[in-house]
Amino acid sequence: MNRALPAVRLRVPTDEDAVAWHRIFDDPDVMEFHGGRSAELSVYEELTARQRRHDAEHGFCLWTMLDESDRVIGFTGAQPWPQDWGPKGEIEIGWRLGRDHWGKGYVTAAARQTLDRVRAAGVAEVVAMVNARNARSIAVTERLGMRLAEVFTTPSQQQGHCYRLQL
């Protein structure tokens, strides 16, 4: 059974969003596949500033995700894969959502908007790099129509999956 997805809005991150991201990601469940704990506020301040620049230059970034009441609930978006391993330089889509909003369809709705926006920006293919144990994110990639393209071992010795989608 397909349920209706919630309304979600994406915006270019603001300075205030760094504080919101820091607060909502300060949860061990949210950060399980991202080092186990939230980064310092300064990391989110730098990240939101970098995303504003990236959006201005490329037409896409990691956008702030807002729910029906315009509350910040996470981020989703796209950017070049930054690591020296994996799909270096390819456009990766990704997401992170506050724990209170899991299981309600927000990430799928926002990721679909992300695909529309990166397609409009002229991107022909995207990847999603997902920890092999992250069943929730794997389910999102499948709902988006992405297909497993590669299984790899990360530098931290975790097993990962690279999903691909032609736009």
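The sequence shown lines up with residues 86 to 252 when you count with my numbering. C-beta atoms are modelled at their ideal positions from N, C-alpha and C, and glycine is treated no differently. These numbers were taken from a predicted model, which means no experiment stands behind them.
Could you name the residues of the same chain whose beta carbon sits closer than 6 Å to that of residue i, not counting the 5 residues immediately before and after it, in chain order?
{"i": "Met86", "result": "With a pLDDT of 46 at Met86, under the threshold of 50, the predicted position of this residue should be treated as unreliable, and no value is reported."}
{"i": "Gln198", "result": "Leu95"}
{"i": "Leu92", "result": "Here the sequence assigns Ala to residue 92, which means Leu is not the residue at that position. Once the five neighbours on either side are set aside, the close Cβ partners of Ala92 are Glu153."}
{"i": "Val115", "result": "Arg184"}
Per the DSSP calculation, residue i is bridged to which residue(s)?
{"i": "Phe237", "result": "Gly245"}
Whose C-beta lies closer than 7 Å to the C-beta of residue i among residues of the same chain, with five residues either side of it excluded?
{"i": "Phe237", "result": "Gly171, Gly245 and Cys247"}
{"i": "Arg138", "result": "none"}
{"i": "Ala213", "result": "Glu177, Ile178, Gly179, Thr226, Met231 and Tyr248"}
{"i": "Glu117", "result": "none"}
Less than 8 Å between C-beta atoms, sequence neighbours within five positions excluded: which residues of the same chain meet that for residue i?
{"i": "Glu101", "result": "none"}
{"i": "Arg204", "result": "Leu252"}
{"i": "Arg232", "result": "Tyr248, Arg249 and Leu250"}
In the DSSP assignment, find the unbroken beta strand (DSSP E) run with residue i in it and report its ends.
{"i": "Leu182", "result": "Ile176 to Leu182"}
{"i": "Arg94", "result": "Arg94 to Arg96"}
{"i": "Glu210", "result": "Glu210 to Asn216"}
Residue range of the alpha helix (DSSP H) that residue i falls in?
{"i": "Gln168", "result": "Run containing Gln168: none; DSSP gives neither H nor E here."}
{"i": "Trp106", "result": "Asp100 to Ile109"}
{"i": "Leu151", "result": "Premise fails: Leu151 lies in the beta strand (DSSP E), Leu147 to Leu151, not in any alpha helix (DSSP H)."}
{"i": "Ser222", "result": "Ala220 to Arg228"}
{"i": "His143", "result": "Leu126 to His143"}
For residue i versus residue j, is the C-beta spacing smaller than 8 Å?
{"i": "Glu177", "j": "Gln164", "result": "yes"}
{"i": "Leu147", "j": "Gln136", "result": "yes"}
{"i": "Gly159", "j": "Leu182", "result": "yes"}
{"i": "Ala196", "j": "Gly144", "result": "no"}
> Three or more beta-carbon pairs under 8 Å between the stretch 216-227 and the stretch 236-248, yes or no?
Replying inline: yes
>> Three or more C-beta pairs under 8 Å: does that hold for the stretch 97-112 against the stretch 126-140?
In response: yes
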